[in-house]
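Numbering (this note's numbering), first residue to last: 46 to 181. Idealized CB from N, CA, C, for every residue including glycine. Quick caveat, the model's predicted, so the values are computed rather than measured. Only one structure is covered here, and it is reproduced in the block below.
Here is the structure:
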């Protein structure tokens, strides 16, 4: 949670439309410089002057139904303060699209109806107990 002066200052800097967007998706107001946009359309920001330590970098997802798997590994390292330079300026992290990688993002289907479930044709060793009531 932020103070009222910080909230009003960020409202003045980012505008009413972006203020509503941030309150709906982030739950806090943040004003910073746009570092880059990745190939999925996510925007990465940084503000070193006025934010609390380790809260100076954040991502604004393109999609409303966002998933943390939409962040590329290089950007994840930058967001988690593992590297100082963003992947757009770091030569090691500029790998691009690998030959085995899909060009579009595939959503993480864990805990949904589309999740992978194993199928086995062998009979289970244990079966559920079926209680039988004795006739009276």
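Notebook entry, point to check: When the Cα atoms are used, what is the spatial distance from residue 101 to residue 92?
Noted result: The residue you call residue 101 lines up with position 56 of the chain shown. The residue you call residue 92 lines up with position 47 of the chain shown. Roughly 5 Å between the two C-alpha positions.
Notebook entry, point to check: Taking the C-alpha atoms as reference points, what is the distance between residue 118 and residue 125?
Noted result: One-based indexing of the chain shown puts residue 118 at position 73. One-based indexing of the chain shown puts residue 125 at position 80. Their backbone Cα atoms lie some 10 Å apart in a straight line.
Check: By the 10 Å Cβ neighbour count, where 16 or more other Cβ atoms means buried, how is residue 75 classified, buried or exposed?
Finding: Position 30 of the chain shown, counting from 1, holds the residue named residue 75. With 16 or more Cβ atoms within 10 Å of its Cβ, residue 75 is classed as buried.
Notebook entry, point to check: Looking only at its own chain, which residues have a Cβ that is under 7 Å from the Cβ of residue 46, when we skip the five neighbours before and after it?
Noted result: As a working note, residue 46 is residue 1 in the chain shown. Model confidence at residue 46 stands at a pLDDT of 49, short of 50, so the residue's coordinates are unreliable and nothing is read from them.
Check: Sorted by chain position, which residues of the same chain lie with C-beta nearer than 6 Å to residue 156's C-beta, five sequence neighbours on each side aside?
Finding: Taking the first residue of the chain shown as position 1, residue 156 is located at position 111. So the list is empty, once near-sequence residues are dropped.
Notebook entry, point to check: Looking at the unbroken beta strand (DSSP E) that takes in residue 90, where does it start and where does it end?
Noted result: Along the chain shown, read from residue 1 onward, the residue named residue 90 stands at position 45. From DSSP, the beta strand (DSSP E) with residue 90 extends over 88-91.
Check: Below 9 Å between beta carbons: does that hold for residue 138 and residue 123?
Finding: Locating residue 138 in the chain shown gives position 93, counting from the first residue. Locating residue 123 in the chain shown gives position 78, counting from the first residue. Against a cut-off of 9 Å, the Cβ pair of residue 123 and residue 138 comes out as a contact.
Margin query: On the CB-based measure, 16 or more other CB atoms within 10 Å of its CB, does residue 115 come out buried or exposed?
Written below: The residue given as residue 115 occupies position 70 in the chain shown. Classification of residue 115: buried, given that the 10 Å Cβ count is 16 or more.
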